[in-house]
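**Student:** Quick one: the structure is below, questions incoming.
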Amino acid sequence: MATIFFEPSTRTRLSFESAMHRLGGSVISVSDPKSTSFAKGESIADMARIISSYADIIVLRHPWEGAAQLMADYATVPVINAGDGGHQHPTQTLCDLYTLKKERGELKGMTIALWGDLKYGRTTHSLIFALAKFGATILFCPSPGLEVPDNIMHKLVTEYGGELEKFSKSHKQNQKGAFPVDAAYITPEQPHQLTMMPGIDLEVTMKAGVDALYVTRPQRERFTSEEKAADLQFPIVDQKLMSGKELQRALVMHPLPRVDELAYDMDADPRSMYFKQAARGVPVRMALIALALGVKKNTKPDEAPVTKVDYPVYNREYGVKCSNPRCVTWQETEKNYLKPQFKIVSLKPLTFRCIYCEHGTEPKYVASTEWHQGTTGEKRYNRANSHLAKKIRPENLIAFDSAEEAEKHGYLPGHYAQSQAVEEKPKNE
Amino acid sequence: MATIFFEPSTRTRLSFESAMHRLGGSVISVSDPKSTSFAKGESIADMARIISSYADIIVLRHPWEGAAQLMADYATVPVINAGDGGHQHPTQTLCDLYTLKKERGELKGMTIALWGDLKYGRTTHSLIFALAKFGATILFCPSPGLEVPDNIMHKLVTEYGGELEKFSKSHKQNQKGAFPVDAAYITPEQPHQLTMMPGIDLEVTMKAGVDALYVTRPQRERFTSEEKAADLQFPIVDQKLMSGKELQRALVMHPLPRVDELAYDMDADPRSMYFKQAARGVPVRMALIALALGVKKNTKPDEAPVTKVDYPVYNREYGVKCSNPRCVTWQETEKNYLKPQFKIVSLKPLTFRCIYCEHGTEPKYVASTEWHQGTTGEKRYNRANSHLAKKIRPENLIAFDSAEEAEKHGYLPGHYAQSQAVEEKPKNE
Amino acid sequence: MATIFFEPSTRTRLSFESAMHRLGGSVISVSDPKSTSFAKGESIADMARIISSYADIIVLRHPWEGAAQLMADYATVPVINAGDGGHQHPTQTLCDLYTLKKERGELKGMTIALWGDLKYGRTTHSLIFALAKFGATILFCPSPGLEVPDNIMHKLVTEYGGELEKFSKSHKQNQKGAFPVDAAYITPEQPHQLTMMPGIDLEVTMKAGVDALYVTRPQRERFTSEEKAADLQFPIVDQKLMSGKELQRALVMHPLPRVDELAYDMDADPRSMYFKQAARGVPVRMALIALALGVKKNTKPDEAPVTKVDYPVYNREYGVKCSNPRCVTWQETEKNYLKPQFKIVSLKPLTFRCIYCEHGTEPKYVASTEWHQGTTGEKRYNRANSHLAKKIRPENLIAFDSAEEAEKHGYLPGHYAQSQAVEEKPKNE
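Chains as they are written, first to last, in the numbering used here: chain B, 3 to 431; chain A, 3 to 431; chain Z, 3 to 431.
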């Protein structure tokens with residue numbers, strides 16, 4: 003196994019290496035990117051092919067979002083994502099899920115409260131979708147100003163279905179409860195959904211009790227100056243908080259390292275799972291490595307109640323660029339080895355999702371290959387939010403980030419290329 | 003085995019890792035603390051618990067004095083100290099002892115001269131107590147200004163017994179001998195002690211010959227500007243020095259790396275042990291790891307003629323702070339996970355020894371739980387060097403670093419709380 | 003195996019470590035020289051002796067040229083050179099040769115074109131001699147201003163025999179061919195040589211086709227400002243170039259990493275060998291380690307048609323210093339552990355080759371031990387290019403870099419100590 007870490011990490015790297023040793027394998031490792039020749043401008047694609055010839059499996063941590071996907075595209079051995087920028091940290095999520103399942107039997111129907119820095123903590127971003135996939139109810143309890151980013155909330159509802167509701171600070175439950183809940187998400191299979199009751203009843207949910215409180219560290223190294231100022235209010239999880247009725251049987255989870263958001267008075271509490279979570283990083287990663295190497299077969303059917311949607315793909319090499327500048331598709335060294343590729347996840351508003359970093363992008367203009375069959379004079383572009391957009395079949399869709407981009411490729415403004423204000427009643431139609 | 007090195011080291015780390023591999027085990031390693039998440043303000047206690055779940059044994063090097071002790075407190079697997087700041091480097095001492103024993107048969111009665119930088123060289127600090135414990139005579143031959151720190155000399159005499167004598171430069175032996183001896187230490191069992199002869203006869207000792215000359219490198223990176231100026235006089239051990247009569251059969255030892263204090267003309271000399279010492283680092287550490295892991299049992303009784311004193315313990319959470327600012331008890335991140343704890347090693351002057359870094363601390367004021375049974379108005383503090391101090395039983399002792407500290411905890415000045423000058427004749431008693 | 007890397011490297015280190023693991027061995031590693039105690043001024047000789055006691059084989063990368071030779075002098079286990087400054091990178095050359103042999107059957111008579119940065123690319127420097135040794139024809143196709151250094155060309159002709167010819171840009175073949183050839187080298191055994199045809203017929207050679215194009219990366223980190231300016235012209239190897247008739251069956255090789263000198267459109271081309279070259283780094287190094295450890299014996303006789311010349315050795319400790327300031331012989335820490343030693347590779351001009359870094363040095367003055375038998379008044383020095391120099395037998399030769407150096411050692415100017423201009427007709431002879 004090659005552990006290639008382009009960002010500082012000890013916990014993740016050591017637990018992967020321990021897992022491989024315990025399976026009887028050997029490890030080659032790059033833990034300090036500064037002392038590697040990989041800094042000389044080599045592409046991830048080249049690295050992938052070379053390291054594939056040194057090792058039977060690759061574990062990659064990289065600051066660019068989507069880097070693990072790109073490495074997997076070119077490697078001839080399995081690649082495990084050990085964290086790619088702010089995008090994902092899936093093996094941490096596996097440890098979290100394993101702990102929840104081990105302690106509580108099953109994930110479906112559980113109520114998990116996410117606590118703290120939900121804006122920058124990538125472990126929660128991965129966890130949210132996993133919880134939704136396995137049918138858990140999620141309570142969002144962010145530190146003020148550190149709410150889950152909109153694009154994640156958006157993906158949650160559009161892709162996993164279910165219901166998301168926001169609660170104000172003055173909500174009855176938030177006034178009396180031990181801690182304020184900013185929002186809640188319930189998957190489609192939840193009982194109240196089946197009985198067609200509208201909305202989420204926060205009081206009922208809280209009364210049933212929280213199954214786990216997932217605490218996160220303030221990622222102070224990424225805070226803006228405003229967020230630094232608000233940091234004083236970062237809430238602390240301690241015995242006092244945990245004595246609240248709703249939390250009486252809640253597992254306390256944390257991806258670690260903690261700083262001071264999780265009081266040491268919780269360490270001996272039987273509800274505290276964080277050291278177990280870390281310890282389980284070894285067997286979970288052993289299982290993953292064994293599975294990826296084909297040493298063990300996955301004999302269980304996928305139990306997840308939510309099935310992934312098969313979105314149509316947009317893979318023209320021009321017109322649209324991922325909106326996330328930290329995406330691997332923006333990197334100069336990689337441009338030859340990948341082409342932007344998107345899933346068309348929504349038509350109104352027209353929304354693409356990058357297959358590398360999974361960020362959403364909303365193209366401004368569209369055209370259709372059908373519109374200009376025959377003469378190039380018919381190559382017209384129109385606004386993506388015009389009614390014409392929906393009429394284009396995915397395989398015919400051509401999208402553009404800007405009018406300049408469209409015209410560069412030989413398209414002329416169509417009837418609905420003008421500003422949005424006049425859209426609904428076009429003069430010339 | 004996890005080798006966790008927070009300070010640069012190659013020799014020690016590589017020899018530990020080689021030892022583990024030769025035993026058939028595997029190694030996970032952190033060799034560059036800058037590229038670890040351990041720098042993010044995580045406590046040693048948390049690290050201990052997490053790494054315990056990754057590895058079966060931990061080897062730690064850390065700049066904070068007492069760090070290995072703290073990690074051992076929280077780890078659930080054995081922890082080996084591979085150097086904690088200026089405190090100890092016990093596995094180096096094991097290699098030194100093994101070499102002496104292997105070459106000379108037994109340590110008792112041997113005469114070992116310590117040479118060079120005895121102030122900053124932590125390897126000699128560990129070695130001094132080991133030599134005393136096993137009954138060797140120690141000659142101190144420091145480079146000028148780099149004498150052994152007082153607290154070590156003090157501990158040597160008070161804890162190991164025996165006799166310590168200082169010799170001036172004008173001492174007869176120092177005038178005629180090949181090299182000047184600054185001080186000498188003889189353990190209680192030495193023959194001359196048994197015959198009740200007062201003092202140490204340096205000439206007789208030297209005539210018998212030195213068994214080993216333990217050379218150390220000037221730790222120039224820690225020198226003050228004064229010490230840097232005096233550095234020009236740093237003595238060199240070479241064939242010329244070693245041709246002296248006293249050194250004719252002396253082993254030449256050095257913990258390495260050397261710079262220029264040990265001439266290369268000694269390399270081929272059969273008395274030179276330094277490369278053997280380094281080589282023996284592997285089998286010695288193999289033995290230690292096997293012992294710590296329970297693979298081998300220690301079947302030999304402890305042969306050390308000196309038994310350790312069981313000092314009473316002072317473990318109140320207030321009043322006294324370790325005097326050593328590099329001690330792990332001073333670290334902000336650790337404050338929740340340890341409480342200052344001291345051995346009461348002397349009553350006059352009242353001296354505490356930190357159980358983490360082993361530095362001595364002399365509290366200025368004392369009180370007793372007996373003095374104020376009943377009313378708090380009787381809570382009084384007095385000077386630690388007043389005659390009252392000795393009357394307090396250890397289990398009742400309350401000590402304070404300062405009058406402010408005492409008063410903060412509700413104590414009022416007692417009769418003997420005034421300045422030392424008036425102590426013996428208190429007006430109001 | 004100990005992998006000790008004092009310079010950044012990932013590819014080489016990982017492939018060595020992978021090789022050792024695949025052989026069933028273990029690895030201890032130093033990959034970040036900054037976090038080692040080796041930086042404290044320890045000599046390579048001391049390191050060699052110590053690491054020898056930790057490992058059964060050492061792999062060293064070091065910025066000082068000749069460092070691996072010095073370590074091998076003192077280590078008691080085999081030492082493999084994984085790159086010593088700009089001097090050599092022999093295991094890369096082994097991978098290159100193995101790939102050529104594997105793909106083409108044998109090296110003798112093959113035509114290999116070296117392409118790109120032939121000035122700073124140490125891999126090509128090692129390869130040139132290996133190709134010459136095994137009888138290949140070499141075409142030099144440097145990027146303008148990045149020609150092979152003169153001393154390498156000089157060594158090639160003087161030591162390996164054969165013929166070297168330069169071709170101008172206006173040469174007929176360079177005008178019509180797909181790429182310009184700056185120079186060509188043919189080994190003594192080539193057919194045209196046997197038939198005593200004078201010169202190299204570039205057109206015939208090119209018509210026969212190139213067997214391999216060895217592409218190198220512009221080592222921009224070492225470029226002078228002039229070279230940076232010329233860098234814009236760095237030629238790119240792509241499908242267009244490779245469609246040239248001469249290259250139709252040419253293997254495309256590259257030591258990697260590449261930046262942009264080798265187009266990604268070649269990646270899927272069956273002629274492209276660069277990823278195979280990298281992959282073969284593991285088995286080649288496995289073979290080398292097994293051979294060095296005595297696990298496998300070399301049962302094949304050396305097939306190289308060129309036998310190495312046994313030059314006389316100059317090993318006086320004074321008078322001459324290697325001309326290469328990056329040579330390990332210049333390093334303060336090493337001065338006690340090595341003495342400058344040279345092979346006398348030429349008498350006119352008198353040329354020494356350092357046994358460590360292999361750089362050439364031309365001493366300015368000479369003397370002979372024969373000249374002053376008896377009286378010291380006869381100790382005279384003369385210019386190295388005077389006719390007297392050739393008359394001195396190697397075992398009697400004394401050489402000096404300067405007149406000052408000669409006079410410092412008690413020599414006086416002889417008849418031929420004056421300036422070169424007057425040499426051929428000395429007044430006083």
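C-beta: ideal position from N, C-alpha, C; glycine also.
Quick check on the DSSP output: the alpha helix (DSSP H) that includes glycine 283 of chain B runs from which residue to which?
**Tutor:** Here residue 283 of chain B is taken as the residue at index 281 of the first sequence, counted from 1. Taken as a continuous stretch (DSSP letters only), the alpha helix (DSSP H) holding glycine 283 of chain B covers 283 to 294.
**Student:** Which chain Z residues are close to glutamate 19 of chain A, counting only those with a beta carbon under 7 Å from its beta carbon?
**Tutor:** Counting from 1 along the second sequence, the entry for residue 19 of chain A is found at position 17. Here the neighbours are Ile30.
**Student:** Are the C-beta atoms of glutamine 195 of chain B and some chain A residue less than 8 Å apart?
**Tutor:** Your numbering for residue 195 of chain B matches position 193 in the first sequence. With a pLDDT of 46 at glutamine 195 of chain B, under the threshold of 50, the predicted position of this residue should be treated as unreliable, though the coordinate-derived value follows. So, not an interface residue.
**Student:** DSSP has tryptophan 117 of chain B in a bridge; who is on the other side?
**Tutor:** As a first step, residue 117 of chain B is located in the first sequence; it is residue number 115 there, counting from the start. For tryptophan 117 of chain B, which the question treats as bridged, DSSP gives the partners B:Cys143 and B:Val217.
**Student:** Let's see if you can read the secondary structure: which residues bound the alpha helix (DSSP H) around isoleucine 53 of chain B?
**Tutor:** Numbered from 1 along the first sequence, position 51 holds the residue referred to as residue 53 of chain B. Residues 46 to 54.
**Student:** Under 9 Å, CB to CB, which of the residues in the segment 254 to 267 of chain Z have a partner in chain B?
**Tutor:** Against chain B - using a Cβ distance shorter than 9 Å - the residues of the segment 254 to 267 of chain Z are Leu258, Pro259, Arg260, Val261, Asp262, Ala265, Tyr266 and Asp267.
**Student:** Taking all protein chains shown into account, do 16 or more other C-beta atoms lie within 10 angstroms of the C-beta of serine 170 of chain Z, making it buried, or fewer, making it exposed?
**Tutor:** Taking the third sequence and counting its residues from 1, the one referred to as residue 170 of chain Z is at position 168. Answer is exposed; the Cβ neighbour count stays below 16.
**Student:** Just to check my reading of the structure: threonine 93 of chain A and serine 54 of chain A have Cβ atoms closer than 8 Å, yes? What is that Cβ distance to the nearest angstrom?
**Tutor:** Taking the second sequence and counting its residues from 1, one reaches residue 93 of chain A at position 91. Taking the second sequence and counting its residues from 1, one reaches residue 54 of chain A at position 52. With a Cβ gap of about 20 Å, threonine 93 of chain A and serine 54 of chain A do not count as contacting.
**Student:** Please confirm if phenylalanine 225 of chain A has its CB atom under 8 Å from at least one CB of chain Z.
**Tutor:** In the second sequence, counting from the first residue as 1, residue 225 of chain A sits at position 223. Taking Cβ atoms only, chain Z never reaches closer than 8 Å to phenylalanine 225 of chain A, which makes this a no.
**Student:** Unbroken beta strand (DSSP E) runs of length 3 or more, entirely within the segment 390 to 420 of chain Z: which are they?
**Tutor:** If we require 3 residues or more, the beta strand (DSSP E) runs fully inside the segment 390 to 420 of chain Z come out as 399 to 402.
**Student:** Between the Cα of proline 10 of chain Z and the Cα atoms of Z:His256, Z:Arg251 and Z:Gly87, which residue gives the shortest distance?
**Tutor:** Reading the third sequence from its first residue, position 8 is the one you call residue 10 of chain Z. Comparing Cα-Cα distances from proline 10 of chain Z to each of Z:His256, Z:Arg251 and Z:Gly87, the minimum goes to Z:Gly87.
**Student:** Which chain B residues sit within Cβ distance under 7 Å of glycine 26 of chain A?
**Tutor:** Along the second sequence, read from residue 1 onward, the residue named residue 26 of chain A stands at position 24. Correct list: empty, because the minimum Cβ distance to chain B is about 12 Å.
**Student:** Out of A:Glu263, A:Ala180 and A:Ala84, which has the shortest C-alpha to C-alpha gap to glycine 433 of chain A?
**Tutor:** Nothing about residue 433 of chain A can be reported from this structure: the residues present for chain A run from 3 to 431 only.
**Student:** Which chain B residues are close to alanine 57 of chain A, counting only those with a beta carbon under 7 Å from its beta carbon?
**Tutor:** For the purposes of this step, residue 57 of chain A is identified with residue 55 of the second sequence, where counting begins at 1. The answer, in chain order, is Ser20.
**Student:** Any beta carbon from chain A within less than 8 Å of arginine 63 of chain B's own beta carbon?
**Tutor:** If you number the first sequence from 1, residue 63 of chain B lands on position 61. False, the Cβ-Cβ gap to chain A never drops below 8 Å.
**Student:** Report yes if the CB atom of phenylalanine 365 of chain Z is closer than 8 Å to the CB atom of phenylalanine 402 of chain Z, and no otherwise.
**Tutor:** In the third sequence, the residue the question calls residue 365 of chain Z occupies position 363. In the third sequence, the residue the question calls residue 402 of chain Z occupies position 400. Checking the sequence, you will find proline at residue 365 of chain Z rather than phenylalanine. Yes. Within cutoff.
**Student:** Could you check which residue in A:Gly321, A:Glu336, A:Tyr266 and A:Phe344 has the C-alpha nearest to that of isoleucine 400 of chain A?
**Tutor:** Looking up residue 400 of chain A in the second sequence gives position 398. That would be A:Gly321, whose Cα lies nearest to the Cα of isoleucine 400 of chain A.
**Student:** Under a CB-based cut-off of 8 Å, is serine 54 of chain Z close to chain B?
**Tutor:** Here the question's residue 54 of chain Z lines up with position 52 in the third sequence. Output row for serine 54 of chain Z: interface = no.
**Student:** Got a sec, what are the start and stop residues for the alpha helix (DSSP H) isoleucine 64 of chain Z sits in?
**Tutor:** Against the third sequence, residue 64 of chain Z aligns to sequence position 62. A small correction: the amino acid at residue 64 of chain Z is histidine; isoleucine does not occupy that position in the sequence shown. No alpha helix (DSSP H) contains histidine 64 of chain Z, which is instead part of the beta strand (DSSP E) from 60 to 64.
**Student:** Do alanine 185 of chain A and aspartate 213 of chain A have their beta-carbon atoms positioned less than 8 Å apart in this structure?
**Tutor:** For this step, residue 213 of chain A is matched to residue 211 along the second sequence. For this step, residue 185 of chain A is matched to residue 183 along the second sequence. No.
**Student:** Might you give, ordered along the chain, the residues of its own chain that have their beta carbon closer than 8 Å to the beta carbon of leucine 352 of chain Z, omitting 5 neighbours on each side?
**Tutor:** Stepping through the third sequence from its first residue, residue 352 of chain Z is reached at position 350. So the list reads Ile346, Glu364, Pro365, Val368, Ala386, Asn387, Ala391 and Ala401, once near-sequence residues are dropped.
**Student:** By the criterion of Cβ-Cβ separation under 7 Å, what are the contact partners of alanine 280 of chain A in chain Z?
**Tutor:** Indexing the second sequence from 1 puts residue 280 of chain A at position 278. What alanine 280 of chain A touches in chain Z: Ile52 and Ser55.
**Student:** For arginine 382 of chain Z, name the three-state secondary structure that DSSP assigns.
**Tutor:** As a position in the third sequence, residue 382 of chain Z is number 380, starting the count at 1. Here arginine 382 of chain Z sits in strand by DSSP.
**Student:** Three or more beta-carbon pairs under 8 Å between the segment 256 to 274 of chain B and the segment 67 to 83 of chain B, yes or no?
**Tutor:** Result no; under three Cβ-Cβ pairs closer than 8 Å.
**Student:** Give every residue of the same chain whose Cβ lies closer than 8 Å to the Cβ of methionine 268 of chain A, excluding the five residues on either side of it in the sequence, and list them in chain order.
**Tutor:** Along the second sequence, one-based indexing puts residue 268 of chain A at 266. Taken in chain order, the residues that qualify are Val239, Asp240, Gln241, Met244, Val254 and Ser274.
**Student:** Under three-state DSSP, which class holds serine 172 of chain A?
**Tutor:** Here the question's residue 172 of chain A lines up with position 170 in the second sequence. Coil.
**Student:** For glycine 123 of chain B, count the other beta carbons within 10 Å of its own beta carbon; 16 or more makes it buried, fewer makes it exposed. Which is it?
**Tutor:** Looking up residue 123 of chain B in the first sequence gives position 121. By the 10 Å Cβ count, glycine 123 of chain B comes out buried.
**Student:** Which same chain residues, not among the five before or five after valine 286 of chain Z, have their C-beta less than 6 Å away from its C-beta?
**Tutor:** Along the third sequence, one-based indexing puts residue 286 of chain Z at 284. Excluding positions up to five away in sequence, the list reads Leu96, Cys97 and Tyr100.
**Student:** Give the residues of chain B in contact with asparagine 338 of chain A, contact being defined as C-beta atoms less than 7 Å apart.
**Tutor:** Walking along the second sequence from the start, residue 338 of chain A turns up at place 336. Under the 7 Å cutoff, chain B gives Tyr266.
**Student:** Pairs of beta-carbons, one from the segment 223 to 237 of chain Z and one from the segment 16 to 32 of chain B, closer than 8 Å: are there three or more?
**Tutor:** As far as the Cβ criterion goes, the segment 223 to 237 of chain Z does not touch the segment 16 to 32 of chain B, which means the pair count is below three.
**Student:** Below 8 Å on the Cβ atoms is my guess for phenylalanine 225 of chain Z versus serine 145 of chain Z; work out the distance and round it to an integer in Å.
**Tutor:** Residue numbering aside, residue 225 of chain Z sits at position 223 when the third sequence is read from its first letter. Residue numbering aside, residue 145 of chain Z sits at position 143 when the third sequence is read from its first letter. 11 Å between Cβ atoms; not a contact.
**Student:** Quick one: give me the first and last residue of the alpha helix (DSSP H) that aspartate 152 of chain A is part of.
**Tutor:** Position 150 of the second sequence, counted from the first residue, corresponds to residue 152 of chain A. Its alpha helix (DSSP H) spans residues 152 to 162.
**Student:** Rounded to a whole number of angstroms, what is the C-alpha to C-alpha distance between lysine 135 of chain B and leucine 129 of chain B?
**Tutor:** Taking the first residue of the first sequence as position 1, residue 135 of chain B is located at position 133. Taking the first residue of the first sequence as position 1, residue 129 of chain B is located at position 127. Rounded to whole angstroms, lysine 135 of chain B to leucine 129 of chain B spans 10 Å at the Cα level.
**Student:** Can you find a CB in chain B that lies within less than 8 Å of the CB of phenylalanine 181 of chain Z?
**Tutor:** Translated into the one-based positions of the third sequence, residue 181 of chain Z becomes position 179. Not an interface residue.
**Student:** So the candidates are B:Lys298, B:Met73, B:Pro327 and B:Asp34; which of them puts its Cα closest to the Cα of serine 45 of chain B?
**Tutor:** One-based indexing of the first sequence puts residue 45 of chain B at position 43. The residue with the shortest Cα to Cα distance from serine 45 of chain B is B:Met73.
**Student:** Reducing DSSP to helix, strand and coil, say where arginine 355 of chain Z ends up.
**Tutor:** Within the third sequence, the letter at position 353 stands for residue 355 of chain Z. Strand at arginine 355 of chain Z.
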